[in-house]
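Chemist: Sharing a structure with you now.
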Amino acid sequence: MIPKWAMTRKSCFKITAAILLTAVLICMAAVVLVPRLLDLDRYRPQILSLMEKSLNRHVSYETASFTRDLIPAVVVKGIIIKEKTGAATLLTVDRLSFRLVLLPLLHKEVRLGGIVLDRPVLMLERDQAGIFSLSDLFAGPPSSYHVHINELQIKNGLIRFTDRISPHEGFTTALENLDLQVNGLARGKVSGFKLSTVIHDQEGRAELSLSGKVGIPAQDVSLVKAKLDVALSAKNLDSGAYWLYYGRFLPFERTQGALDIQGVFKGTLQEFATKGNLTVRGLRLDYPRVFHSRITPKQIDLGFDLELTPRDILAKSIDLRVDGLQVKGSLALVDIHGRDPHLTVQAVSSPFRLEEAAS
33 MIPKWAMTRK
43 SCFKITAAIL
53 LTAVLICMAA
63 VVLVPRLLDL
73 DRYRPQILSL
83 MEKSLNRHVS
93 YETASFTRDL
103 IPAVVVKGII
113 IKEKTGAATL
123 LTVDRLSFRL
133 VLLPLLHKEV
143 RLGGIVLDRP
153 VLMLERDQAG
163 IFSLSDLFAG
173 PPSSYHVHIN
183 ELQIKNGLIR
193 FTDRISPHEG
203 FTTALENLDL
213 QVNGLARGKV
223 SGFKLSTVIH
233 DQEGRAELSL
243 SGKVGIPAQD
253 VSLVKAKLDV
263 ALSAKNLDSG
273 AYWLYYGRFL
283 PFERTQGALD
293 IQGVFKGTLQ
303 EFATKGNLTV
313 RGLRLDYPRV
323 FHSRITPKQI
333 DLGFDLELTP
343 RDILAKSIDL
353 RVDGLQVKGS
363 LALVDIHGRD
373 PHLTVQAVSS
383 PFRLEEAAS
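Residue numbers (our numbering): 33 to 391.
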């Protein structure tokens with residue numbers, strides 16, 4: 033005779049197995065049937081009308097569908113968004129995929145996850161009046177829906193910027209082979225990111241990569257308070273390519289030279305620490321007020337360890353090498369906002385003849 037407790041355990045096992053089997057069958061059926069029941073092409077006019085009203089631009093796409101994954105994702109192919117005039121193209125995306133959580137929509141929340149843009153191309157311009165082609169998208173009253181983006185990925189993207197305002201008229205630069213990964217993109221959260229791209233401008237090509245974390249301030253706090261923990265790597269940047277934008281802030285004439293940077297940055301824009309190395313090759317510097325002739329060192333190497341506090345600017349370590357010259361030291365500017373800031377400099381250098389660096 034079989035004990036009652038054995039029968040009870042055997043019955044529980046059968047019931048549990050039946051429930052699991054039923055759940056699996058329901059999930060399999062949902063994966064197969066839901067994409068068929070929710071045929072996005074049936075709603076193409078409504079989707080396009082909503083997008084065009086939101087963007088104030090003509091929008092088109094080739095296909096839209098659901099994937100047959102356990103958690104279906106929306107896939108849209110061949111997206112084209114025109115400029116406001118309708119003549120030029122603002123954005124194209126070969127393939128966009130994302131997952132939308134439905135229940136938060138009842139509370140006017142849009143939660144998107146797994147956003148992937150394959151080969152997006154953004155054509156950004158600034159007109160002669162100084163207005164960017166995207167400016168209108170950031171104007172107007174805020175949306176009644178709160179948007180939350182958990183993950184964002186860009187694969188092999190391109191951003192091309194053309195400036196038509198004087199004196200930069202005709203200037204063009206591009207971010208090519210753009211790869212970007214971002215997670216936890218929300219106010220009050222810490223977001224991780226990784227970016228790599230090739231900068232292509234009128235002077236040549238340069239490689240740039242950024243990675244790290246950003247502590248995004250809460251909704252009622254300025255983004256200037258964001259806390260950064262970032263690593264930067266740049267190779268072959270042209271020091272003169274963007275002279276029209278920053279040259280007016282410097283006391284000398286336009287420079288030339290290729291710039292490499294490796295460094296880390298931790299803190300906010302008002303209080304931070306940064307450490308790294310900088311190399312300049314083929315520098316051409318004209319500074320008549322200080323040097324009687326052009327300075328043309330073959331290579332400059334600078335190692336630095338800097339810190340900015342609410343009161344002080346501290347260069348804890350400076351290691352400068354210019355051809356045959358080497359300078360090591362430190363610098364401290366104390367009480368920078370006070371009435372009597374105090375500067376302390378310590379430096380040791382090797383023997384050097386300045387005329388050897390002049391052309």
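Beta carbons are placed, not taken as given, at the ideal position from N, Cα and C, and that holds for glycine.
Quick one: give me the first and last residue of the beta strand (DSSP E) that isoleucine 79 is part of.
Modeler: No beta strand (DSSP E) contains isoleucine 79, which is instead part of the alpha helix (DSSP H) from 76-87.
Chemist: Assign isoleucine 5 to buried or exposed, taking buried as 16 or more other Cβ atoms, counted over all protein chains shown, within 10 Å of its Cβ.
Modeler: Any question about residue 5 goes unanswered here, given that the chain covers just 33 to 391.
Chemist: Mapping DSSP to helix, strand and coil, what is leucine 72?
Modeler: In this structure, leucine 72 counts as helix in the three-state DSSP scheme.
Chemist: Following the continuous beta strand (DSSP E) through leucine 217, name the residue where it begins and the one where it ends.
Modeler: Start and end: 203-217.
Chemist: Under the assumption that threonine 311 contacts glutamine 331 (Cβ atoms under 8 Å), give the Cβ distance between them as a whole number of angstroms.
Modeler: Indeed they touch by this definition, with Cβ atoms about 7 Å apart.
Chemist: Helix, strand or coil for phenylalanine 336 per DSSP?
Modeler: Here phenylalanine 336 sits in strand by DSSP.
Chemist: By how many angstroms is the C-alpha of leucine 340 removed from the C-alpha of glutamate 235?
Modeler: Each residue's Cα considered, the two are about 33 Å apart.
Chemist: How would you call aspartate 168, buried or exposed, if buried means at least 16 neighbouring beta carbons within 10 angstroms?
Modeler: Result: exposed.
Chemist: Using the Cα positions of serine 254 and aspartate 367, report the straight-line distance between them to the nearest angstrom.
Modeler: When rounded, the distance between both Cα atoms is 26 Å.
Chemist: Which parts of the stretch 249-286 are runs of the beta strand (DSSP E), unbroken and 3 residues or longer, counting only runs that do not cross its ends?
Modeler: Correct list: 259-270.
Chemist: At which residue ranges does the stretch 295-334 contain complete alpha helix (DSSP H) runs of 4 or more residues, listed in the order of the chain?
Modeler: Complete alpha helix (DSSP H) runs here, min 4: none at all.
Chemist: Starting from the C-beta of valine 359, find all residues in its chain whose C-beta is less than 6 Å away, skip the five residues before and the five after it, and write them out in chain order.
Modeler: For valine 359, where only same-chain residues beyond five positions count, the Cβ hits under 6 Å are Leu352, Ala379, Ser381.
Chemist: When the distance is taken between beta carbons, is valine 153 closer than 7 Å to phenylalanine 190?
Modeler: Correcting the residue type first, residue 190 is leucine in the shown sequence and not phenylalanine. Against a cut-off of 7 Å, the Cβ pair of valine 153 and leucine 190 comes out as a contact.
Chemist: Buried or exposed: proline 383, going by 16 or more other Cβ atoms within 10 Å of its Cβ?
Modeler: Proline 383 is exposed by the Cβ-count criterion.
Chemist: So for serine 382, helix, strand or coil by DSSP?
Modeler: Correct three-state label for serine 382: coil.
Chemist: Along the chain, where does the beta strand (DSSP E) containing histidine 90 start, and where does it finish?
Modeler: Careful: histidine 90 lies outside any beta strand (DSSP E) and carries neither H nor E.
Chemist: Can you tell me which residues form a DSSP beta bridge with aspartate 393?
Modeler: Only positions 33 to 391 of the chain appear in this structure, which leaves residue 393 out of reach.
Chemist: Do you know offhand how far isoleucine 293's Cα is from leucine 184's?
Modeler: Going from the Cα of isoleucine 293 to the Cα of leucine 184 covers about 27 Å.
Chemist: Count the CB pairs spanning the stretch 209-218 and the stretch 254-270 that are closer than 8 Å, and state whether there are at least three.
Modeler: No: the two stretches stay apart, fewer than three of their Cβ pairs being nearer than 8 Å.
Chemist: Buried or exposed, going by whether 16 or more other CB atoms sit within 10 Å of the CB of valine 354?
Modeler: It counts as buried.
Chemist: So what's leucine 395 in DSSP terms, helix, strand or just coil?
Modeler: Residue coverage of the chain in this structure runs from 33 to 391, which leaves residue 395 outside it and unanswerable.
Chemist: Please report the straight-line C-alpha distance between arginine 316 and valine 106, rounded to a whole angstrom.
Modeler: Distance between the alpha carbons of arginine 316 and valine 106 is about 53 Å.
Chemist: Which residues share a DSSP beta bridge with alanine 16?
Modeler: Given a span of 33 to 391 for the chain in the structure shown, any question on residue 16 remains unanswerable.
Chemist: Could you tell me the alpha carbon to alpha carbon distance between glycine 361 and glutamate 303, rounded to whole angstroms?
Modeler: Distance between the alpha carbons of glycine 361 and glutamate 303: 22 Å.
Chemist: Can you grab the Cα-Cα spacing for the pair aspartate 159 / aspartate 195, in whole Å?
Modeler: Spanning the two alpha carbons is a distance of roughly 7 Å.
Chemist: Could you spell out where the beta strand (DSSP E) holding histidine 369 opens and where it closes?
Modeler: Run containing histidine 369: none; DSSP gives neither H nor E here.
Chemist: Under the rule that 16 or more other beta-carbon atoms within 10 Å means buried, what is proline 77, buried or exposed?
Modeler: Answer is exposed; the Cβ neighbour count stays below 16.
Chemist: Closer than 8 Å by C-beta to glycine 272: which residues in its own chain qualify, once you throw out the five before and the five after it? Chain order, please.
Modeler: Answer for glycine 272: Glu235, Arg286, Thr287, Gln288, Gly289, listed in chain order.
Chemist: Mind checking which residues open and close the beta strand (DSSP E) that includes alanine 238?
Modeler: First-last of the beta strand (DSSP E) with alanine 238: 236-247.
Chemist: For glycine 335, which residues from the same chain have a beta carbon less than 6 Å from its beta carbon, with the 5 sequence-adjacent residues on both sides left out?
Modeler: Result list for glycine 335: Asn309, Asp351, in chain order.
Chemist: Beta-carbon separation of glycine 110 and histidine 90 under 7 Å?
Modeler: Contact flag unset, no.
Chemist: Spatial neighbours of phenylalanine 225 within its chain, please: CB distance less than 6 Å, with the 5 preceding and 5 following residues excluded, ordered by chain position.
Modeler: The residues are Val214.
Chemist: Helix, strand or coil: how does DSSP classify leucine 166 here?
Modeler: DSSP places leucine 166 in coil when its eight states are reduced to three.
Chemist: Does the beta-carbon of alanine 206 have 16 or more other beta-carbons within 10 angstroms, so that it is buried, or is it exposed?
Modeler: Alanine 206 comes out buried.
Chemist: Report the option in Pro199, Arg151, Glu157, Leu166 whose CA atom is closest to the CA atom of asparagine 188.
Modeler: The shortest Cα separation from asparagine 188 among Pro199, Arg151, Glu157, Leu166 belongs to Arg151.
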